[in-house]
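Below is one structure, written out as structure tokens; comments come after it.
Protein chains in written order, with our numbering: chain A, 1 to 168; chain B, 1 to 288.
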């Protein structure tokens with residue numbers, strides 16, 4: 001990677017850094033972990049910059065690295081969830097009473113299984129199509145449709161109707 | 001959908017100032033590449049000198065001489081060479097080091113061990129020193145770790161993580177933000193099979209797994225190491241974990257999975273067997 005490519009890389013990263021951090025935060029809901037994920041993503045991007053800049057969509061390439069970095073982190077043995085005798089939080093129990101409770105939406109998101117959460121973030125925050133989401137996650141389009149439907153159902157149960165009016 | 005997108009955006013509260021510095025990242029990667037190139041050149045030169053010297057001193061090796069070999073993984077295309085760890089534990093000797101110097105030394109040592117046990121194997125993306133990508137820390141131990149994917153010349157790659165621990169009695173270490181420490185995590189390193197299966201990452205007792213979920217064996221290894229070899233299954237994911245505890249209380253542990261960031265569950269088993277992983281990490285050169 002020469003100086004010109006370094007400059008190109010720097011310019012690209014600086015223009016996308018905030019967005020990447022926000023996507024990472026929605027996935028993991030922890031700023032430290034989000035910064036870890038962004039750091040891993042940017043390192044991999046730099047090492048593969050020659051190949052990445054030739055990609056059809058550089059943004060899609062970076063989102064794929066970030067999402068896989070997060071899913072990979074979640075699979076580590078020490079990241080596995082605790083065995084507990086308490087039932088998991090039920091999304092429907094979280095109340096959503098208006099604009100002041102928007103943080104609840106992130107809490108609801110956290111309650112979704114990781115793949116479902118990734119689908120919801122990619123489909124409805126990154127605005128990816130079903131096909132693009134399926135390609136990025138390496139699953140079928142049917143899986144993306146069912147995962148996003150289930151995810152939305154959980155969110156819908158706790159949020160005002162007008163939020164989902166456009167989706168109906 | 002736009003409404004949901006806006007709500008998700010607004011739900012992101014109190015963003016922390018980013019500590020990811022792009023310029024620092026570029027500088028670090030440039031240093032890493034220079035070290036890597038220098039390491040390859042020095043390694044090749046040292047190997048040539050060593051072979052020339054050995055042949056000159058001992059003469060040509062006799063055919064049929066005993067060689068230490070390691071069985072390749074079942075269903076794997078990995079080729080195994082002839083590691084030559086010492087049977088006597090010799091603690092590594094080196095002067096005072098900064099964290100970066102230790103990380104560089106461990107990175108080079110790990111690459112050398114991988115090259116010895118699995119010739120032609122690559123670490124891509126390269127193992128990143130602990131100080132740059134924090135995962136888990138072990139209180140009371142100087143901890144370094146790295147993660148990446150190991151690839152074989154014949155194709156395929158597997159995710160790999162390595163942790164290297166050296167006890168530091170009477171000292172404390174300030175870890176960078178984001179580094180996590182779990183009570184009980186040391187049991188997973190030093191507790192043998194019991195620690196591997198009866199505690200989770202937070203030190204909470206968990207039920208014994210169904211036998212089909214995995215296996216664990218303990219045995220002695222080279223250099224006086226005590227080895228714990230664990231294979232566990234989590235759905236389609238299979239994780240091979242090996243822990244090597246050295247006579248001085250240091251430890252090196254590695255986990256390899258049958259998937260990687262670019263290839264989820266691409267193979268039935270991790271590319272390297274438990275024996276191959278043990279041959280890589282049971283070496284004092286990997287002690288911080």
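Even for Gly, the Cβ is constructed at its ideal location relative to N, Cα and C.
- A Cβ-Cβ contact shorter than 9 Å links residue 122 of chain A with residue 63 of chain A.
- The shortest C-alpha to C-alpha distance from residue 164 of chain B to any of B:189, B:252, B:225 and B:154 is the one to B:252.
- Counting other Cβ atoms within 10 Å of its Cβ, residue 148 of chain A reaches 16 or more and is therefore classed as buried.
- Annotation: residue 33 of chain A is outside any beta strand (DSSP E); the continuous alpha helix (DSSP H) that includes it extends over 31 to 47.
- Of all residues in the region 41 to 61 of chain A, the ones placed with a Cβ closer than 9 Å to any Cβ belonging to chain B are 42, 43, 44, 46, 47 and 48, in chain order.
- Straight through space, the alpha carbons of residue 4 of chain A and residue 238 of chain B are spaced by roughly 42 Å.
- Within chain B, the residues placing a beta-carbon under 7 Å from that of residue 13 of chain A are 22, ordered along the chain.
- The beta-carbon distance between residue 243 of chain B and residue 257 of chain B, rounded to whole angstroms, is 16 Å. This is too long to meet the 8 Å contact definition.
- Annotation: the continuous alpha helix (DSSP H) that includes residue 12 of chain A extends over 3 to 28.
- For residue 278 of chain B, the number of other beta carbons within 10 angstroms of its own is at least 16, and it is reported as buried.
- Between the alpha carbons of residue 43 of chain A and residue 108 of chain B lies a distance of about 19 Å.
- Under the DSSP assignment, residue 159 of chain B falls in the beta strand (DSSP E) whose first and last residues are 157 to 167.
- Interface annotation for the region 223 to 238 of chain B against chain A: 237, criterion Cβ-Cβ distance under 7 Å.
- Where residue 218 of chain B is concerned, the enclosing beta strand (DSSP E) starts and stops at 214 to 220.
- Along the region 158 to 169 of chain B, the positions whose C-beta sits under 8 Å from a C-beta of chain A are 159 and 161, read in chain order.
- The alpha carbon of residue 33 of chain A has as its nearest neighbour, out of A:69, A:157 and A:136, the alpha carbon of A:69.
- Closest in alpha carbon position to residue 98 of chain B, among B:120, B:143 and B:189, is B:143.
- Looking at the DSSP output, residue 251 of chain B sits in a beta bridge with B:165 and B:245.
- Take the alpha-carbon of residue 23 of chain B and the one of residue 154 of chain A: they are about 42 Å apart.
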